[in-house]
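Residue numbers (my numbering), protein chains in the order written: chain A, 134 to 472; chain Z, 134 to 472. We treat Cβ as the ideally placed atom computed from N, Cα and C, and that holds for glycine. If you're wondering where the values come from, they're calculated on a predicted model, not measured in any experiment.
Number of protein chains: 2
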Amino acid sequence: METAGRDERDDRDPRLETIASLGESAVLARVLPRLVSGDAALLGPGDDAAVLAAADGRYVVTTDLMVHGPDFRLAWSSPHDLGWKAAATNLTDVAAMGARPTALVVAIAAPPSTPVVVLEGIADGLRDGLERLAPGAGVVGGDLSASTVLTIAVTAFGDLEGRAPVLRSGARPGDTVAHAGDRGLAARGLRLLFDRATDASGEPDPVAAAHVRAEHPIEVAAQLAPAPPVAAGVAAALAGATAMLDVSDGLARDALRIAQASGVAIDFVGASLGGDPRLALAGAEDHGLLAAFPPGVALPEPFTVVGRVVAGEPAVLLDGVDVAAIGWDPYAGWDGRAG
Amino acid sequence: METAGRDERDDRDPRLETIASLGESAVLARVLPRLVSGDAALLGPGDDAAVLAAADGRYVVTTDLMVHGPDFRLAWSSPHDLGWKAAATNLTDVAAMGARPTALVVAIAAPPSTPVVVLEGIADGLRDGLERLAPGAGVVGGDLSASTVLTIAVTAFGDLEGRAPVLRSGARPGDTVAHAGDRGLAARGLRLLFDRATDASGEPDPVAAAHVRAEHPIEVAAQLAPAPPVAAGVAAALAGATAMLDVSDGLARDALRIAQASGVAIDFVGASLGGDPRLALAGAEDHGLLAAFPPGVALPEPFTVVGRVVAGEPAVLLDGVDVAAIGWDPYAGWDGRAG
Numbered sequence: 134m135e136t137a138g139r140d141e142r143d144d145r146d147p148r149l150e151t152i153a154s155l156g157e158s159a160v161l162a163r164v165l166p167r168l169v170s171g172d173a174a175l176l177g178p179g180d181d182a183a184v185l186a187a188a189d190g191r192y193v194v195t196t197d198l199m200v201h202g203p204d205f206r207l208a209w210s211s212p213h214d215l216g217w218k219a220a221a222t223n224l225t226d227v228a229a230m231g232a233r234p235t236a237l238v239v240a241i242a243a244p245p246s247t248p249v250v251v252l253e254g255i256a257d258g259l260r261d262g263l264e265r266l267a268p269g270a271g272v273v274g275g276d277l278s279a280s281t282v283l284t285i286a287v288t289a290f291g292d293l294e295g296r297a298p299v300l301r302s303g304a305r306p307g308d309t310v311a312h313a314g315d316r317g318l319a320a321r322g323l324r325l326l327f328d329r330a331t332d333a334s335g336e337p338d339p340v341a342a343a344h345v346r347a348e349h350p351i352e353v354a355a356q357l358a359p360a361p362p363v364a365a366g367v368a369a370a371l372a373g374a375t376a377m378l379d380v381s382d383g384l385a386r387d388a389l390r391i392a393q394a395s396g397v398a399i400d401f402v403g404a405s406l407g408g409d410p411r412l413a414l415a416g417a418e419d420h421g422l423l424a425a426f427p428p429g430v431a432l433p434e435p436f437t438v439v440g441r442v443v444a445g446e447p448a449v450l451l452d453g454v455d456v457a458a459i460g461w462d463p464y465a466g467w468d469g470r471a472g
Numbered sequence: 134m135e136t137a138g139r140d141e142r143d144d145r146d147p148r149l150e151t152i153a154s155l156g157e158s159a160v161l162a163r164v165l166p167r168l169v170s171g172d173a174a175l176l177g178p179g180d181d182a183a184v185l186a187a188a189d190g191r192y193v194v195t196t197d198l199m200v201h202g203p204d205f206r207l208a209w210s211s212p213h214d215l216g217w218k219a220a221a222t223n224l225t226d227v228a229a230m231g232a233r234p235t236a237l238v239v240a241i242a243a244p245p246s247t248p249v250v251v252l253e254g255i256a257d258g259l260r261d262g263l264e265r266l267a268p269g270a271g272v273v274g275g276d277l278s279a280s281t282v283l284t285i286a287v288t289a290f291g292d293l294e295g296r297a298p299v300l301r302s303g304a305r306p307g308d309t310v311a312h313a314g315d316r317g318l319a320a321r322g323l324r325l326l327f328d329r330a331t332d333a334s335g336e337p338d339p340v341a342a343a344h345v346r347a348e349h350p351i352e353v354a355a356q357l358a359p360a361p362p363v364a365a366g367v368a369a370a371l372a373g374a375t376a377m378l379d380v381s382d383g384l385a386r387d388a389l390r391i392a393q394a395s396g397v398a399i400d401f402v403g404a405s406l407g408g409d410p411r412l413a414l415a416g417a418e419d420h421g422l423l424a425a426f427p428p429g430v431a432l433p434e435p436f437t438v439v440g441r442v443v444a445g446e447p448a449v450l451l452d453g454v455d456v457a458a459i460g461w462d463p464y465a466g467w468d469g470r471a472g
């Protein structure tokens with residue numbers, strides 16, 4: 134009341150409230166009720182730390198930072214997209230161990246001028262992403278800091294439920310190689326955005342992005358708010374997967390990681406990869422799961438066979454030919470800027 | 134060899150190597166060997182996620198972001214300081230629950246032009262801070278991203294070893310209020326830096342900072358590389374502490390948090406707070422532990438009595454008088470810019 138000049142204007146339109154005008158405590162009071170702590174939280178936000186259940190005496194931990202500019206652009210992604218994607222990418226890393234995701238902690242650094250509705254949108258995206266991809270999981274803690282660059286740091290936790298973790302190093306010659314999730318769709322979405330949602334100087338353009346998203350909702354959503362097959366991680370572990378990882382850098386580069394960790398070669402069947410094997414192998418950020426299974430195992434949904442593990446020096450093959458020798462570099466990545 | 138021009142120069146002087154010139158994989162190969170995974174790591178870095186032991190079926194989790202500018206300045210802090218402080222502040226939050234710190238995950242966002250020696254220094258500071266403050270704890274995972282602003286996100290884990298967590302809400306009238314750690318020392322260090330290690334335009338000056346640190350090593354180290362009494366957290370829990378928290382915002386502000394959570398008042402004894410009670414109550418970032426103990430309990434080292442819990446509306450008192458009524462605002466904080 135005493136600072137009526139500034140606060141009254143803010144009161145008239147909540148969209149104008151910023152972190153600076155509202156203050157950290159009031160911001161948290163607006164944001165935290167949008168989140169749930171989830172089933173594993175023995176103690177949620179509000180003390181110096183949270184306490185989580187680990188029924189089998191172990192827990193899975195992974196962490197990841199998303200930074201405005203290199204990792205996302207507010208001209209393309211809505212705040213809801215950011216929260217959703219931050220949840221999805223971390224949940225997939227937990228799933229890739231064969232674990233069930235249980236909880237996240239989320240630390241956000243943002244300019245003081247950031248509208249509070251942006252933080253509310255991020256919280257809503259986190260909540261909705263968790264609800265869709267890992268029901269029962271929640272956000273148990275967080276931190277809000279000031280920075281000139283919007284930055285979202287997520288640490289995710291998972292429960293192995295008594296199982297051994299599925300590592301990258303267990304693939305054996307003869308195993309079936311299977312994949313769950315999109316192949317190249319997120320890269321197609323990113324190319325659409327770079328080609329058609331930037332202005333003359335190459336800067337992201339929000340109006341053009343909205344048009345591209347309306348015309349190509351599936352491709353653009355795969356890039357900005359992916360829905361990876363998180364539940365397939367536990368299903369793969371139960372089916373006996375010998376190796377597994379999250380495909381964040383493209384099928385070829387991530388398959389090479391399994392090959393190197395396991396001391397084997399991975400031979401993809403081109404016909405299993407769709408009409409554009411190059412895109413399928415090199416497109417990044419789909420966050421599917423790539424796994425090896427003992428031969429003859431009935432694959433859990435939605436895994437499909439894409440190749441097999443063969444003996445030999447660590448390498449990635451396409452129909453028996455080393456991909457490094459087929460005239461294009463699948464390890465170089467495939468994004469909107471490189472055809 | 135083929136890009137001799139740039140790489141040869143880098144090869145001559147490792148101090149010139151940057152994240153961009155070396156590449157993420159090579160940077161991680163340089164940084165990771167400087168860290169240990171610690172006793173709780175069942176699976177350390179290298180897969181999609183780590184796996185940690187939780188012997189009693191629960192684990193404590195806290196997360197915190199440090200951002201260049203608001204939280205630290207490279208003109209004042211060495212990379213080693215940054216790693217040390219990132220460890221120390223998170224370890225204290227774990228300790229404040231009465232838990233033994235077991236591990237950290239660390240996500241760093243840095244400009245591609247950042248010298249690799251900066252990341253090596255941060256890693257060394259993390260390792261040394263853990264070794265000194267929480268022997269047996271280690272770094273089990275991380276992430277390296279690009280940003281225009283150096284940002285360090287740490288998530289820390291702890292083991293309650295079968296005990297109940299010590300919350301903020303358990304203080305009862307009649308309890309002894311005790312504190313372990315520095316009181317106002319970090320704020321004095323920050324004031325020295327603001328007063329004597331900034332240039333004419335107010336920007337941090339590294340040469341002046343080195344001089345100030347040489348003249349006032351204790352105060353400046355308390356600000357830049359604090360050594361909070363982490364082990365005292367478990368000791369307090371074992372002694373029956375009824376409430377506890379990490380004092381990051383000053384004794385008065387943090388005591389008010391216990392008062393509000395517990396529905397009591399905290400009455401500090403001025404004579405117990407040293408020669409400058411105002412500084413002791415308002416100085417931030419000491420990261421000591423403030424706890425309530427049942428009356429008559431033998432306090433574990435290095436806790437000392439600073440007051441008692443009294444019945445009444447949530448408030449902080451100094452010798453029986455509400456601090457809000459003594460002519461200065463201990464909740465406003467005390468830093469180098471406000472005397």
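Asked                                                                                                                           : Found
Neighbour flag for Z/Asp-379 against chain A, beta carbons, 8 Å                                                                 : yes
Close Cβ partners of Z/Val-169 (< 7 Å) along its chain, the five nearest in sequence each way excluded                          : Arg-260, Gly-271
Assigned secondary structure, A/Asp-328 (DSSP; H/G/I helix, E/B strand, else coil)                                              : helix
Cβ-based neighbour list, Z/Gly-453, same chain, cut-off 8 Å, excluding 5 preceding and 5 following                              : Asp-400
Under 7 Å from the C-beta of A/Arg-191: neighbouring residues of chain Z                                                        : Leu-175, Val-184, Leu-185, Ala-186, Ala-187
The segment 272–281 of chain Z in contact with the segment 197–204 of chain A per 3-pair CB rule at 8 Å                         : yes
Validate contact between the segment 350–361 of chain A and the segment 313–332 of chain A using beta carbons, cut 8 Å, 3 pairs : yes
Anticipated Cβ contact below 8 Å, Z/Ala-311 with Z/Phe-426, distance rounded                                                    : 6 Å
Residues in the segment 233–250 of chain A having any Cβ partner in chain Z nearer than 7 Å                                     : Val-238, Ala-240, Ala-242
Test item: CB-CB of A/Leu-389 and A/Ala-229 under 8 Å                                                                           : no
Neighbouring residues, chain Z, relative to A/Gly-275 (Cβ below 9 Å)                                                            : Thr-196
A/Arg-386: first and last residue of the uninterrupted alpha helix (DSSP H) it sits in                                          : 384–395
Test: Z/Arg-296 CB closer than 8 Å to a CB of chain A                                                                           : no
Own chain residues within Cβ distance below 7 Å of Z/Asp-315, not counting five before or after                                 : Ala-355, Asp-419, Gly-421
Outcome for A/Ile-152 when other beta-carbon atoms lying within 10 angstroms are tallied against a minimum of 16                : buried
Members of the segment 299–325 of chain A near chain Z, C-beta cut-off 7 Å                                                      : Leu-300, Arg-301
Buried/exposed call for Z/Gly-254, threshold 16 Cβ in 10 Å                                                                      : buried
Under 8 Å between C-beta atoms of A/Leu-215 and A/Gly-258                                                                       : yes
Coarse secondary structure for Z/Ile-241, derived from DSSP in three states                                                     : strand
Cβ pair A/Ala-342, A/Ala-330 closer than 8 Å                                                                                    : yes
Close Cβ partners of A/Lys-218 (< 8 Å) along its chain, the five nearest in sequence each way excluded                          : Met-199, Phe-205, Ser-210, Gly-258, Gly-262, Leu-357, Ala-358, Pro-359
For Z/Arg-163 and A/Leu-155, the rounded distance between their alpha carbons                                                   : 43 Å
CB of A/Val-193 within 8 Å of CB of A/Val-239, strictly                                                                         : no
Selected residue, minimal CA-CA separation from Z/Pro-268, among Z/Thr-375, Z/Ala-424, Z/Glu-434, Z/Leu-224                     : Z/Leu-224
A/Gly-202 classed as buried or exposed, judged by whether at least 16 other C-beta atoms fall within 10 angstroms               : exposed
A/Asp-226 and Z/Ala-182 closer than 8 Å at C-beta                                                                               : yes
Check whether Z/Val-251 and A/Val-282 have beta carbons under 8 Å apart                                                         : no
8 Å Cβ shell around Z/Glu-150 - same chain, five flanking residues per side excluded                                            : Asp-143, Pro-248, Val-249, Val-250
Chain-ordered chain Z contacts of A/Thr-281 [CB-CB under 8 Å]                                                                   : Gly-202, Thr-281, Val-282
Inter-stretch contact (C-beta, 8 Å, three-pair minimum) for the segment 299–306 of chain Z and the segment 391–409 of chain Z   : yes
Outcome for A/Ser-381 when other beta-carbon atoms lying within 10 angstroms are tallied against a minimum of 16                : buried
Limits of the unbroken beta strand (DSSP E) element including Z/Ala-174                                                         : 174–176
Own chain, CB closer than 6 Å to A/Arg-139, minus 5 neighbours either side, in chain order                                      : Note that A/Arg-139 scores 43 on pLDDT, short of 50, meaning its location in the model is unreliable and no value can be drawn from it.
Simplified DSSP state of Z/Asp-379, which is helix, strand or coil                                                              : strand
Z/Ser-280, buried or exposed, once every other Cβ within 10 Å from all chains shown has been counted against 16                 : buried
DSSP state of A/Gly-275 mapped onto helix, strand, coil                                                                         : strand
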